[in-house]
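Going by full-length UniProt numbering, 267 is the number at position 267 of the sequence shown; the sequence numbering is gapless.
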Amino acid sequence: MILKTTLFMHSIRQTLKTLLLFTAVVLPSAILAGQVSARQSDTIHEYGPRIFNVENKWTAIVAAYEPEIKAIDAAIAKLPDAKITKTVTFQGVKYQLGTYKGEPIVIFTTGISVPNAAMTMQMALDYFPIDRVIMMGIAGAISSEFSPGDIAVPARWYFHDESVYVNPSKEMDGEFVLPDYYEKSLASFLERRKQDPHSPAYENFGFIHPEEMAVIKEGWDSPRQMPYFTASSELLTLTQKAVDKVSPIAMPSGKAIKVKVGGNGVTGSVFLDNAEYRKWVRRVFNADVSEMESAAVAQVCFVNDIDWVVIRSISDLAGGQQGKNVENVFDGIASGTGAKLLLGVLDEVVALPAK
1 MILKTTLFMH SIRQTLKTLL LFTAVVLPSA ILAGQVSARQ SDTIHEYGPR
51 IFNVENKWTA IVAAYEPEIK AIDAAIAKLP DAKITKTVTF QGVKYQLGTY
101 KGEPIVIFTT GISVPNAAMT MQMALDYFPI DRVIMMGIAG AISSEFSPGD
151 IAVPARWYFH DESVYVNPSK EMDGEFVLPD YYEKSLASFL ERRKQDPHSP
201 AYENFGFIHP EEMAVIKEGW DSPRQMPYFT ASSELLTLTQ KAVDKVSPIA
251 MPSGKAIKVK VGGNGVTGSV FLDNAEYRKW VRRVFNADVS EMESAAVAQV
301 CFVNDIDWVV IRSISDLAGG QQGKNVENVF DGIASGTGAK LLLGVLDEVV
351 ALPAK
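Encoded structure:
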């Protein structure tokens with residue numbers, strides 16, 4: 001009897017081991033297979049971002065930091081037919097909702113530098129029914145044709161510090177040891193420039209060798225190298241109309257300012273305050289201005305098929321001063337001149353026929 005009981009218990013234990021093994025190995029595989037199958041049938045409509053069914057979509061008015069957004073808020077506050085009706089906060093970012101002459105707007109600060117600008121811009125497009133973006137702020141001049149208070153509205157924006165840092169060659173003075181992939185990329189960049197005059201005229205800045213952003217968007221099978229992002233032709237045209245219509249913009253001293261629509265701007269995660277690097281940026285990108293957010297905003301808008309334009313007022317000649325940089329002296333003034341043009345562009349947007 002004892003032997004039979006022992007054999008019976010052993011049989012139960014073996015059965016339990018088999019069941020546990022089946023549970024540990026087979027069931028997770030089955031569950032995982034179900035998850036994969038479910039994921040394959042998922043769509044953006046099930047998981048977000050929100051899809052807005054709105055006829056009259058919004059204009060986003062964007063700046064990078066406090067003096068710029070203060071200039072925008074002050075300009076809006078003076079107008080009887082513009083107002084902020086509500087403020088909401090997502091992930092710590094404040095979005096001001098309102099109207100400008102009857103048209104819906106959202107105003108927000110991106111935060112300084114590339115990661116903040118990309119994050120807050122994509123958040124805004126996910127949370128609000130935006131169909132155009134007008135960014136305004138200050139920038140350092142790359143071209144010496146600009147003085148503090150002048151305004152640049154570049155047609156194209158480039159990342160200037162996407163790059164490869166390499167060691168010097170031990171065999172050849174003045175040469176550098178380049179990775180194989182970069183040598184191939186550089187050859188393709190130089191070949192492309194023969195067809196596209198707006199492509200950068202790449203050269204190294206010492207051990208720094210410029211690279212390009214690889215971008216993916218809906219409808220593309222794989223990422224593509226993007227030397228620059230081009231502003232909306234409609235918004236560039238409206239900006240030029242605004243320049244022609246608005247009353248002359250001047251510094252507090254009365255000095256008339258220069259406004260240029262077109263040309264190139266560069267963005268990087270650095271405060272550019274070096275004269276030699278500024279000259280290099282001018283040679284390579286033919287840039288007029290440099291700052292830390294616009295190309296990131298441009299990339300997000302490009303991927304989301306959103307119209308955009310960037311207005312940049314000059315606070316300083318990057319690295320062109322003697323001694324300490326004093327861009328803080330002019331950032332408020334420059335933000336003010338930029339805000340005046342911004343309102344002129346908004347007037348042109350409001351005048352557009354309904355889509």
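By construction, the Cβ of each residue, glycine as well, lies at the ideal position given by its N, Cα and C atoms.
Beta-carbon proximity check, residue i vs residue j, cutoff 8 Å
| i | j | result |
| --- | --- | --- |
| Pro-227 | Tyr-158 | yes |
| Pro-129 | Phe-52 | yes |
| Pro-49 | Asp-126 | yes |
| Val-133 | Val-54 | no |
| Glu-68 | Ser-335 | yes |
| Ile-72 | Met-136 | yes |
| Glu-211 | Ser-163 | yes |
| Thr-99 | Glu-293 | no |
| Val-266 | Ala-141 | no |
| Ala-117 | Ile-314 | no |
| Glu-103 | Leu-238 | no |
| Pro-168 | Phe-205 | no |
| Asn-264 | Ala-287 | yes |
| Ala-60 | Ile-112 | no |
Residue i (DSSP reduced to helix, strand or coil)
| i | result |
| --- | --- |
| Ile-76 | helix |
| Trp-280 | helix |
| Val-261 | strand |
| Arg-50 | coil |
| residue 370 | Shown here, the chain extends from 1 to 355; a query on residue 370 therefore has no answer. |
| Gln-299 | helix |
| Thr-110 | coil |
| Gly-344 | helix |
| Met-119 | helix |
| Pro-67 | helix |
| residue 388 | Residue numbering for the chain in the displayed model covers 1 to 355; residue 388 lies beyond these limits and cannot be assessed. |
| Phe-189 | helix |
| Tyr-127 | helix |
| Ser-233 | helix |
| Val-246 | coil |
| Ala-33 | Here the model assigns Ala-33 a pLDDT of 41, short of 50, so the residue's position is not dependable and the matter cannot be decided. |
| Asp-81 | coil |
| Val-166 | coil |
6 Å Cβ shell around residue i - same chain, five flanking residues per side excluded
| i | result |
| --- | --- |
| Val-114 | Ser-269, Ala-296 |
| Leu-346 | Tyr-100 |
| Glu-46 | none |
Contact set for residue i: own chain, Cβ-Cβ below 8 Å, skip 5 residues either direction
| i | result |
| --- | --- |
| Asp-307 | Asp-131, Arg-132, Val-133, Ser-232, Glu-234, Leu-235, Cys-301 |
| Arg-224 | Ala-214, Val-215, Ile-216 |
| Tyr-95 | Thr-87, Val-88, Thr-89, Val-106, Ile-107, Phe-108, Ala-124, Tyr-127, Phe-128 |
| Ser-37 | Reliability of the predicted coordinates at Ser-37 is poor, the pLDDT of 36 falling under 50, and no value is obtained from them. |
| Leu-178 | Val-164, Val-166, Leu-186, His-209 |
Residues near residue i in its chain [Cβ-Cβ closer than 7 Å; skip 5 each side]
| i | result |
| --- | --- |
| Ala-201 | Arg-193, Arg-283, Val-284 |
| His-198 | Arg-156, Tyr-228 |
Min CB distance residue i to chain C below 8 Å
| i | result |
| --- | --- |
| Met-123 | The structure shown contains no chain C; it holds only a single protein chain. |
Those residues which DSSP pairs with residue i across a bridge
| i | result |
| --- | --- |
| Trp-220 | None; Trp-220 has no bridge partner. |
| Thr-59 | Ile-105, Arg-132 |
| Ala-287 | Asn-264 |
| Pro-197 | Note: Pro-197 sits in no beta bridge, so no partner. |
| Gly-140 | Ser-290, Asp-316 |
| Tyr-95 | Val-88, Phe-108 |
| Ala-152 | Lys-260, Arg-312 |
Residue i CB to nearest heavy atom of the ligand SAM below 7 Å
| i | result |
| --- | --- |
| Lys-83 | Ligands are entirely absent from the displayed structure, and the ligand SAM is therefore not among its contents. |
*asked:* With three or more beta-carbon pairs closer than 8 Å as the criterion, would you say the region 144 to 155 touches the region 254 to 270?
replied: Contact holds: three or more Cβ-Cβ distances are below 8 Å.
*Are the region 241 to 252 and the region 337 to 348 touching, with three or more C-beta to C-beta distances below 8 Å?*
Taking 8 Å as the limit for Cβ pairs, the verdict is that the region 337 to 348 does touch the region 241 to 252.
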